[in-house]
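Visitor: Quick one: this structure, given as structure tokens, is what I'll be asking you about.
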Amino acid sequence: MPTVTTNTAANSALRFLNYNSMQSGKSVSKLASGSRIVQASDDAAGLAIGTRLNSDVTVLRQSAINASQGGSIMAVADGGLARIADVLQRLKALAAQSLSGVPTDTERGFIDAEFQSLLAEIDGMAATTRFNGDSLLDGTTTQQSYFVGTDPTDVILVDFSSFGGTGITNFSTSTSGGLSLSVEAVSTAVSATAAMTAVDTAIDVISEARANVGAILSRFEFRGQQINTALENVAAARSAIMDVDLAEEQSKLVSSQVLVQASVSALSQANQLPQSLLSLLQ
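If you're matching positions, the sequence shown starts at 1 in the UniProt record's numbering and goes up one per residue.
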């Protein structure tokens, strides 16, 4: 029933105007942010799940980087071992040359000079095979761990000291190193025989170490692929919960804007009702 003192119709129209304006504002915020959940009241449970998934996405991205870096370290180590293996092959050839009856003692001295020079080069290679400042083949690096997952236990531990006999820990040529070649020489046929045996042993050590490094490199590569797959799936799940559906929200915005205009029109007409009632008394 219309009255002069209380305009119920106007109050109702104003209430709907405020509500529709609020809904329109929410749609604008969601479209502008790209997020379905702008504030906790939009979807409290979804926000909690989405926040956890977002955290997992962040950690998985870093884990993918960690796995890639771990693989890079193993590739650097393998490259260093490959270069040392090449030098060992040359050392074996020099020992074989010295063993031949063709060279004179003087010529064997020249062969031995190259042999000793290459031994020093192996030490240089072991010392300069580095990643991010850490030497990988000279004994200064023993263990490194790489976080590759979302759980604190998702760690790949690389024990450099466990690779190949004496280990990748120290591939220097000293007697305490992994190759034990420093006392070898090829200046005589007798010493060349012993040197060839020692070089063969060193080649076996390097080959075993490269096999172990290759296995760990493969592990990093497969773990990286697994992480990328998990990252894709978790990101998709997070998107389904947190990201706004542009088409749906645009439709809601248009609808709420139409309702705002209708509410404004209804409020204007409702505000004219008391004046219409007063005109009846004139």
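The C-beta atom is built at its ideal place from N, Cα and C for all residues, glycine as well.
#1: Quick test of the definition: if touching needs 3 or more C-beta pairs under 8 Å, does the stretch 221-235 touch the stretch 116-133?
#2: Whole angstroms is fine: what's the gap from alanine 211's alpha carbon to serine 63's?
#3: Mind checking methionine 196: buried by the 16 CB within 10 Å criterion, or exposed?
#4: Determine the extent of the alpha helix (DSSP H) in which phenylalanine 16 is found, giving its start and end residues.
#5: State the start and end residues of the unbroken beta strand (DSSP E) segment that holds leucine 231.
#6: Just checking, does the stretch 128-143 make contact with the stretch 75-94 on the three C-beta pairs under 8 Å criterion?
#7: List the whole-angstrom C-beta distance separating leucine 99 from alanine 192, where the pair is believed to meet the contact cut-off of C-beta under 8 Å.
#8: With a threshold of 6 Å on Cβ separation, who are the neighbours of leucine 137 within its own chain once the five nearest residues in sequence on each side are excluded?
#9: Does the distance from the C-beta atom of arginine 219 to that of leucine 53 stay below 7 Å?
#10: Among Asn18, Gly71 and Ile84, whose alpha-carbon lies nearest the alpha-carbon of valine 148?
#11: Taking 7 Å as the threshold (C-beta atoms), are valine 57 and valine 199 in contact?
#12: Taking contact to mean at least 3 C-beta pairs separated by less than 8 Å, is the stretch 20-28 in contact with the stretch 251-258?
#13: When the Cα atoms are used, what is the spatial distance from alanine 113 to leucine 88?
#14: What number of angstroms, rounded off, separates the C-alpha of isoleucine 37 from the C-alpha of asparagine 271?
#15: Tell me which residue opens and which closes the beta strand (DSSP E) that aspartate 86 is part of.
#16: Excluding the 5 residues preceding and the 5 following leucine 17 in the sequence, name in chain order all residues of the same chain whose CB lies nearer than 7 Å to its CB.
#17: In whole angstroms, give me the CA-to-CA distance for alanine 32 and methionine 242.
#18: Is DSSP giving leucine 155 helix, strand or coil here?
#19: What residues match up with phenylalanine 131 in a beta bridge as DSSP calls it?
#20: What do you get for isoleucine 65, buried or exposed, if any count of 16 or more other CB atoms within 10 angstroms of its CB means buried?
#21: Looking at the structure shown, is glutamine 143 part of a helix, part of a strand, or coil, going by DSSP?
#22: As a quick exercise: from Asp151, Asp159 and Glu107, pick the residue whose alpha carbon is nearest that of methionine 59.
#23: Please go through the same chain and pick out, in chain order, the residues whose beta-carbon is closer than 8 Å to the beta-carbon of arginine 90, but skip the five residues on each side of it.
#24: Compare the beta carbon distance of isoleucine 216 and isoleucine 84 with 7 Å and say whether it is the shorter of the two.
#25: Taking 7 Å as the limit between beta carbons, can you name the residues of its chain near glutamate 221, skipping five residues before and five after?
#26: Using three-state DSSP, classify glutamine 272 as helix, strand or coil.
#27: Please report the straight-line C-alpha distance between glutamine 97 and alanine 82, rounded to a whole angstrom.
#28: Among Gly101, Gln250 and Val244, whose alpha-carbon lies nearest the alpha-carbon of aspartate 42?
Guide: For this structure:
#1: no
#2: 25 Å
#3: buried
#4: 8-33
#5: Taken as a continuous stretch (DSSP letters only), leucine 231 belongs to no beta strand (DSSP E), being part of the alpha helix (DSSP H) at 189-242.
#6: yes
#7: 5 Å
#8: Gly80, Ala126, Thr129 and Phe171
#9: no
#10: Gly71
#11: no
#12: yes
#13: One C-alpha to the other measures close to 15 Å.
#14: Cα-Cα distance, rounded: 37 Å.
#15: Looking at the DSSP string, aspartate 86 is not in any beta strand (DSSP E); the run it does join, the alpha helix (DSSP H), is 44-99.
#16: If the five residues before and after leucine 17 are omitted, its C-beta is found closer than 7 Å to the C-beta atoms of Val260, Ser263, Val264 and Leu267, all from its own chain and listed in chain order.
#17: 14 Å
#18: Per the sequence shown, the amino acid found at residue 155 is valine instead of leucine. Residue state, collapsed to three classes: strand.
#19: Asp134
#20: exposed
#21: strand
#22: Checking the sequence, you will find valine at residue 59 rather than methionine. Closest option to valine 59, Cα to Cα, is Asp151.
#23: Leu118
#24: no
#25: Gly71
#26: coil
#27: Taking the straight line from one Cα to the other gives about 23 Å.
#28: Val244
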